[in-house]
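Only one structure is covered here, and it is reproduced in the block below.
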Amino acid sequence: MERYIINGGNELFGDVEISGMKNAALPILIASILTGEKCIIENLPSISDVRKSLDILKAMGAQVSFRSESCLELDTQNVEGGISPYDLVSKMRGSTYLIGAELARFGKAKVGWPGGCDFGVRPIDQHIKGFEALGAKITVDNENGYIYADAPNGLHGNSIYFDVVSVGATINVMIAAVMAKGKTVIDNAAREPHIVDLANFFNTCGAKITGAGTSVIKIQGVEKLHGCTYTIIPDMIEAGTFMAAVAATGGKINVRGIIPKHMESVSAKLEEMGMRIEEHDDYITIEKVKPLKHIQIKTLPYPGFPTDMHPQLSAALCCAEGTSIVTEGVWENRFRYVEELRKMGADIEVDGVSAKIKGVPNLVGSEVQAVDLRGGAAMIIAGLCAKGQTEITNIMTIERGYDDIVGKFTRLGADIKKAEY
Ligand code: UD1
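With our numbering, the residue at position 85 of the sequence shown is 67, and numbering never jumps.
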């Protein structure tokens, strides 16, 4: 059993280079199926969710080879639909995108029910609504855990209004619509940077997508896409995690290779907490200059404060002066990590979708588990600032989405190592 062992108390100093964005990489890898040609994907993060996605694509017939650790050559010419391995698909949320991709390329799809972090119910009704609007018939086989889609007459562009702002549904319907006949308009679309990244990838392959990054995305279907070379955007959540860590531990770091605009909501909240932040062209300098102040956070779809950053900020707020309120506005149950922070001496009460965090003088090292990906990152942050030693179990959930997190924190001066016992 692998675990992280952290001896807390070190301030962080130096530079950290941010990897490519997990939530852009997963849809782009799957979207490459539509090209049926060779794509070169650069700035691919070295994380287990990417490795799982590549295993799925290989099992479907794709040829995969690495030019370097972060540059991949992916040829989807011989990919077949309906054969993605259930055990891999059911471990990842991103595998839902196979439904859109198989529908677009083969006119039908068979995909296992997707997995991912447990934040309560994770419905896909909006994905299904979008596919149906494009002319597909969807059948969910609950007993065996499969989703079937069929469009015997092909997919046809249509207008779709989403009832909730969903990253996954926006991406999936974009994938399905890109080669549909005619024009698709997606209204109330998600505006996350990874939606824009997917649109840019598709447009580089010959698609005609406009409006990505706004709430109305227009897609003029094209008959064929071609392969391309594409560089994935940096991971704003990984960047935010390092920023939250410095808030908790103290010190001064440069978070490099990022798009500072994507960090605006996170930077604003960290500044409210008292952190000093300087924005540069492609990096941010963040420094702790005074004790942290309490704040209020409410998570919202982009450009609001990202739900995927709330556990890391909560960890930093455990030792802030006063009482902070963190309200989750996207997921019904994202506070499972709070129990773990309490084991370290945090004073947090959860009431429905809000957590009340009363600052304590310090956290105390303890044995805790990573309950999910970002909840696990919160445990690292708590361990880095706690007195004494923290052991984090279930770390494979952290390694699903963080590239070399131990190496990156070690180079900033943290005492963290991976142990096996
Ligand atoms: C993606 C991210 C996840 C992040 C989330 C919100 C990936 C692999 N995962 O998840 O890390 O926390 O965006 O930024 O990219 N909903 C419906 N019906 C649907 C789809 C969603 O009601 O058909 C609801 C969900 O229950 C949730 C909200 O919409 O309350 C947002 O979900 P969504 O944006 O779809 O999240 P994911 O794409 O699953």
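Where is the CB? At the ideal position from N, CA and C, for every residue including glycine.
Heavy atom of ligand 3 less than 8 angstroms from the Cβ of Asp329, yes or no? What this structure holds is ligand 1, not ligand 3.
Contact check, Gln202 vs Gly232, beta carbons under 9 angstroms: no
Is it the case that the CB of Asp107 approaches a heavy atom of ligand 1 more closely than 8 angstroms? yes
Three-state class that DSSP yields for Val312 in the structure shown: coil
On the three-state DSSP scale, how would you describe Asp179? helix
Go ahead and pull the three-state DSSP assignment for Asn344. coil
Quick one: which unbroken alpha helix (DSSP H) runs of 4-plus residues sit fully inside the segment 235 to 313? Chain order, please. 246 to 254, 292 to 299
Is the beta carbon of Phe144 less than 9 angstroms from the beta carbon of Ile177? no
Using 10 angstroms around the beta-carbon of Ala401, count the other beta-carbons present and answer buried if the total reaches 16, otherwise exposed. exposed
Since Gly350 is in the beta strand (DSSP E), which residue starts that stretch and which ends it? Note that residue 350 corresponds to Val in the displayed sequence, not to Gly. 349 to 351 is the span of the beta strand (DSSP E), which, as asked, contains Val350.
Any heavy atom of ligand 1 closer than 8 angstroms to the Cβ of Gly76? yes
Does the beta carbon of Phe287 sit closer than 9 angstroms to a beta carbon anywhere in chain B? Chain labels in this structure do not include chain B; a single protein chain is all it has.
For His138, which three-state DSSP category applies? strand
Could you give the first and the last residue of the continuous alpha helix (DSSP H) run that contains Gly112? 107 to 115
Which same chain residues, not among the five before or five after Glu51, have their C-beta less than 7 angstroms away from its C-beta? Ser28
In terms of residue numbering, what span does the beta strand (DSSP E) encompassing Cys367 cover? Not the beta strand (DSSP E): Cys367 falls in the alpha helix (DSSP H), residues 355 to 367.
Can you name, in chain order, every residue of its own chain whose Cβ lies under 7 angstroms from the Cβ of Gly304, other than the five neighbours on each side? Lys275, His276, Gly341
Looking at the unbroken alpha helix (DSSP H) that takes in Phe88, where does it start and where does it end? 79 to 88
Quick check on Asp57: does DSSP put it in helix, strand or coil? strand
Option nearest Asp31 by Cα separation, candidates Ser72, Thr372, Gly112: Ser72
Expressed to the nearest angstrom, what Euclidean distance is found between the alpha-carbon atoms of Asp37 and His244? 30 angstroms
Within this structure, are the beta carbons of Gly64 and Ala83 separated by less than 9 angstroms? no
Enumerate in chain order the residues of its own chain whose CB-to-CB distance from Thr267 is below 6 angstroms, with the five nearest sequence positions on each side excluded. Asn236, Glu260
Return the residue from the list Gly112, Gly89, Gly136 that minimises the CA-CA distance to Val147. Gly112
Comparing the CB of Arg104 with every heavy atom of ligand 1, is any distance shorter than 8 angstroms? yes
Can you tell me whether DSSP reads Thr17 as helix, strand or coil? coil
Continuous alpha helix (DSSP H) stretch holding Leu70: start and end: 68 to 71
Is Val32 near ligand 1, going by C-beta to nearest heavy atom under 8 angstroms? no
Confirm the yes/no value for this check: CB of Ile110, any heavy atom of ligand 1, distance under 8 angstroms. yes
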